[in-house]
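Below you'll find the structure, written out as structure tokens, and then a few comments.
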Amino acid sequence: MLSRLRKGSMRYLMIALLLFWQGSLAAKVVSYGVEEDIFHPVYAKNGMVSSVNSTATRAGVEVLKKGGNAVDAAVAIGYVLAVAHPQAGNIGGGGFMLLRTKEGKTTAIDFREMAPSKATRDMFLDEKGDADAKKSLTSHLASGVPGTVAGFALANKEYGSMPMAELIKPAIRLARDGFPVNEALADDLDVYGREVLLNNPTSRAIFFKPDGTPWKKGETLVQTNLAHSLSLIAKEGPDAFYKGKIADEIVAEMSQHGGLISKEDMANYKAVERTPVSGTYKGYEIFSMPPPSSGGIHIVQIMNILENFDLKSMGQNSADAIHVMSEAMKYAYADRSEYLGDPDFIKVPVKALTSKAYAKQLASQIVMDKANPSANIKPGKLAPYESDQTTHFSVVDSQGNAVAVTYTLNTNFGSGIVAGKSGILLNNQMDDFSAKPGVPNVYGLIGGEANAVQAGKRPLSSMSPTIVTKDGKVVLVTGSPGGSRIITTVLQIVLNTIEFNMNIAEATNAPRIHHQWLPEEIRIEKGISTDTINLLEKKGHKVSVKPTMGSTQSIVVTPEGLFGAADPRSKDDLAAGY
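Going by the working numbering, the first residue of the sequence shown is number -8, and it counts up by one from there.
Below, the structure is given as structure tokens:
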């Protein structure tokens, strides 16, 4: 793999030209003053950042240039995204950080939101006992206690090298002085913003003009209240958010509108450091996020199943390869519905789900010429126990530290509610619980009792920040948004690089596929040939061509340097280094 990372190929050129013809490619990416053809990875010698927002990427690179490490850069990026990418960037939401230190330690920081102390199992059911999506998505009940501020503070304290106040300065300046609205934000305000922001006066006052129209591309968006909140955090630390004036604003917003988050809930929130899920694949070691994320477990589980097949000889995105991958995905998502939840509340069978023996048993049930209907697949009998609108960014520094962060408000702009005068958009992460076991959430995922609503519990997630190593050295840092499709999107980035020998730009641009057990379909992007689709249908698959999936931000590490790729499926993202 490593010998090919800087080289384009005829196969990649054909893929790229096809995607360009479909209108899905961005025109160019910029490597800090150097324009790079989208057909090749961005190269840097010392440090690299890839994020969904060019302003955030540049802020991260500046931190690296000043001598900050990858964790410092990640914190700065996260705060800038809270200002410049409010669709998912946040301090009113939560997420996960996976990091590997230069000494070779890999650890995970869980700053997922927590259910308020007054949350109850049936809080999102209507009078008939049916799940009420409005309650779990756009009401004040939809928000869990935010974790981002605590998570970044923990990462900075344990693994950072620069003062937190210094890292928040770029975000404060952006919020106070304003920034030109980019195309991605303008588009999302015009579509999703009209749906969730207009009905809330505090949100409308920030993201819409007095005449009720959203800010347009190139216009300057100023967020004075958010600048004040960020300044308080820079001055007082996380206590400003969880125990001080910001907490007061959030709690007041909740009490005035039937929400549940209390002052005690805010004060009691804790980010947690956890041991990553890990597995091996043909000499590589895969590290990813443990529960309450399902991502790491099921990436490892699927790769364990696929290790029993010769994918390389089948060919990337061939009918046989897609068939085997989709069958493996079905088994993983069926198990997800039954066994995954918050490990502080239930015993998650991590070792059983990620065992090679269990994977071999599942692999033996895959028949090459016939799809197994999802109705026939049930959560597996295990050995004894031992989210779409998200954003991801990856950072590697010159010292050898690597960080992958995926965090979110859940859906675009979260609940759409800005808490009082804080300027902070609140999450609607409570929808990630199983409001009613067996009933799909907003991403179509089926959940069980293990992920039922419970006070103090963290909802199950699909977020999958991932780091791949070989011989003890980092070779790939990646992750993606995409709700239920995060797991399969990240899986394909890993497979494309280490199995199919693509460089990271090739791996990023290749058409993606997804199967999540229910509904009964292989979802594919444009770019898969009609002949391949016909072969899949002859095997009994239902194939649906749908919009693009994910927005991966990836960095590959080689002896020659760093190679990054921002996903052309997203507007205004950037991979850059120095």
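Idealized CB from N, CA, C, for every residue including glycine.
Keep in mind it's a predicted model, so treat the numbers as computed, not measured.
Checklist entry - Residue range of the beta strand (DSSP E) that aspartate 101 falls in? => result Against the sequence shown, residue 101 aligns to sequence position 110. Counting along the chain, the beta strand (DSSP E) containing aspartate 101 begins and ends at 97 to 102.
Next on the checklist: Pairs of beta-carbons, one from the region 36 to 46 and one from the region 82 to 100, closer than 8 Å: are there three or more?
Outcome noted: no
Item to check | Residue range of the beta strand (DSSP E) that includes serine 452 | outcome: Residue mapping note: residue 452 aligns to position 461 of the sequence shown, counting from 1. Looking at the DSSP string, serine 452 is not in any beta strand (DSSP E), and its letter there is neither H nor E.
Checklist entry - Helix, strand or coil: which one does DSSP assign to phenylalanine 87? => result Taking the sequence shown and counting its residues from 1, the one referred to as residue 87 is at position 96. Strand at phenylalanine 87.
Next on the checklist: With H, G and I counted as helix, E and B as strand and the rest as coil, what does DSSP make of glutamate 276?
Outcome noted: Reading the sequence shown from its first residue, position 285 is the one you call residue 276. Three-state DSSP puts glutamate 276 in a strand.
Checklist entry - Does DSSP classify proline 171 as helix, strand or coil? => result Position 180 of the sequence shown, counting from 1, holds the residue named residue 171. Three-state DSSP puts proline 171 in a strand.
Checklist entry - Quick one: what's got a C-beta closer than 6 Å to glutamate 329's C-beta in the same chain, skipping five residues either side? => result To locate residue 329, count along the sequence shown from 1; it is residue 338. Hits under 6 Å: Pro370 and Gly439.
Next on the checklist: Closer than 8 Å is the cut-off here; do at least three beta carbon pairs connect the region 83 to 93 with the region 186 to 201?
Outcome noted: no
Checklist entry - Under 8 Å, do proline 267 and valine 339 count as touching if we go by C-beta distance? => result Position 276 of the sequence shown holds residue 267. Position 348 of the sequence shown holds residue 339. No, the Cβ-Cβ distance between proline 267 and valine 339 is not below 8 Å.
Checklist entry - How would you call asparagine 525, buried or exposed, if buried means at least 16 neighbouring beta carbons within 10 angstroms? => result Residue mapping note: residue 525 aligns to position 534 of the sequence shown, counting from 1. Counting Cβ neighbours within 10 Å, asparagine 525 comes out exposed, since fewer than 16 surround it.
Checklist entry - Under the rule that 16 or more other beta-carbon atoms within 10 Å means buried, what is methionine 359, buried or exposed? => result Within the sequence shown, residue 359 is the residue found at index 368, counting from 1. So methionine 359 counts as exposed.
Next on the checklist: Classify aspartate 388: buried if its beta carbon has 16 or more other beta carbons within 10 angstroms, exposed otherwise.
Outcome noted: For the purposes of this step, residue 388 is taken as the residue at position 397 of the sequence shown. By the 10 Å Cβ count, aspartate 388 comes out buried.
Checklist entry - In its own chain, which residues sit with a C-beta less than 7 Å from the C-beta of alanine 67, not counting the 5 before and 5 after it? => result Your numbering for residue 67 matches position 76 in the sequence shown. Taken in chain order, the residues that qualify are Ala50, Gly51, Val54, Leu158 and Pro161.
Next on the checklist: In this structure, how does DSSP classify serine 545 when only helix, strand and coil are distinguished?
Outcome noted: Looking up residue 545 in the sequence shown gives position 554. In this structure, serine 545 counts as strand in the three-state DSSP scheme.
Item to check | Nearest to alanine 557 (by Cα), restricted to the options Gly332, Lys303, Ala350 and Val386 | outcome: In the sequence shown, residue 557 corresponds to position 566, counting from 1. Comparing Cα positions, the closest option is Val386.
Item to check | Beta-bridge pairing of lysine 57 - partner residues as DSSP gives them | outcome: Working through the sequence shown from its first residue, we reach residue 57 at position 66. Answer by DSSP bridge pairing: none, since lysine 57 is not bridged.
Item to check | Helix, strand or coil at arginine 503 according to DSSP, with G and I counted as helix | outcome: As a position in the sequence shown, residue 503 is number 512, starting the count at 1. In this structure, arginine 503 counts as coil in the three-state DSSP scheme.
Checklist entry - Counting along the chain, where does the alpha helix (DSSP H) carrying lysine 347 start and finish? => result As a working mapping, residue 347 is identified with position 356 in the sequence shown. Its alpha helix (DSSP H) spans residues 347 to 354.
Checklist entry - So, using beta-carbon positions, are leucine 212 and phenylalanine 278 closer together than 8 Å? => result In the sequence shown, residue 212 corresponds to position 221, counting from 1. In the sequence shown, residue 278 corresponds to position 287, counting from 1. No.
Next on the checklist: I'd like the span of the alpha helix (DSSP H) that includes glutamate 264, first residue to last.
Outcome noted: One-based indexing of the sequence shown puts residue 264 at position 273. Unbroken run through glutamate 264 is the beta strand (DSSP E), 263 to 265; no alpha helix (DSSP H).
Checklist entry - Between the region 471 to 479 and the region 282 to 299, are three or more C-beta pairs nearer than 8 Å? => result yes
Checklist entry - Quick one: is lysine 529 buried, meaning 16 or more other Cβ sit within 10 Å of its Cβ, or exposed? => result Working through the sequence shown from its first residue, we reach residue 529 at position 538. With fewer than 16 Cβ atoms within 10 Å of its Cβ, lysine 529 is classed as exposed.
Next on the checklist: Taking a contact to mean a Cβ-Cβ separation below 8 Å, would you say serine 194 touches valine 409 in this structure?
Outcome noted: Counted from its first residue, the sequence shown places residue 194 at position 203. Counted from its first residue, the sequence shown places residue 409 at position 418. Cβ atoms of serine 194 and valine 409: closer than 8 Å.
Checklist entry - If you drop the 5 nearest sequence neighbours on each side, which residues of the same chain put their C-beta closer than 8 Å to that of histidine 76? => result Position 85 of the sequence shown, counting from 1, holds the residue named residue 76. These residues qualify, in order along the chain: Val43, Asn44, Ala47, Ala175, Leu176 and Thr382.
Checklist entry - In three-state terms, what does DSSP make of valine 459? => result Against the sequence shown, residue 459 aligns to sequence position 468. It is a strand residue.
Checklist entry - Terminal residues of the continuous alpha helix (DSSP H) containing leucine 553? => result For the purposes of this step, residue 553 is identified with residue 562 of the sequence shown, where counting begins at 1. Counting along the chain, leucine 553 falls outside any alpha helix (DSSP H), though it belongs to the beta strand (DSSP E) covering 552 to 557.
Item to check | Pairwise C-alpha distance: glycine 555 and glutamine 544 | outcome: The count along the sequence shown starts at 1 and reaches residue 544 at position 553. The count along the sequence shown starts at 1 and reaches residue 555 at position 564. Using only the alpha carbons, I get a separation of about 8 Å.
Checklist entry - Per DSSP, what kind of secondary structure is serine 42 in: helix, strand or coil? => result Within the sequence shown, the letter at position 51 stands for residue 42. Strand.
Item to check | Boundaries (first-last residue) of the beta strand (DSSP E) holding histidine 383 | outcome: In the sequence shown, the residue the question calls residue 383 occupies position 392. 381 to 387 is the extent of the beta strand (DSSP E) around histidine 383.
Checklist entry - Applying the criterion that 16 or more other CB atoms from any shown protein chain within 10 Å of the CB defines a buried residue, is lysine 321 buried or exposed? => result What you label residue 321 is simply residue 330 of the sequence shown in a count that begins at 1. When all chains shown are included, lysine 321 counts as buried.
Item to check | Stretch-stretch touch, CB-based, cutoff 8 Å, three pairs: the region 401 to 415 with the region 113 to 124 | outcome: no
Next on the checklist: Check for me: the alpha helix (DSSP H) holding isoleucine 197 runs from which residue to which?
Outcome noted: If you number the sequence shown from 1, residue 197 lands on position 206. Looking at the DSSP string, the run of the alpha helix (DSSP H) that includes isoleucine 197 is 192 to 198.
Next on the checklist: The alpha helix (DSSP H) that contains threonine 139, what's its start and end?
Outcome noted: Indexing the sequence shown from 1 puts residue 139 at position 148. Looking at the DSSP string, the run of the alpha helix (DSSP H) that includes threonine 139 is 139 to 150.
Checklist entry - Where does the unbroken alpha helix (DSSP H) through tyrosine 330 begin, and where does it stop? => result On the sequence shown, residue 330 is found 339 positions in, with the first residue counted as 1. 310 to 330 is the extent of the alpha helix (DSSP H) around tyrosine 330.
Next on the checklist: Quick check on the DSSP output: the beta strand (DSSP E) that includes glycine 576 runs from which residue to which?
Outcome noted: The first residue shown for the chain is -8 and the last is 569, placing residue 576 beyond what the model contains.
Next on the checklist: With three or more beta-carbon pairs closer than 8 Å as the criterion, would you say the region 198 to 205 touches the region 119 to 136?
Outcome noted: no
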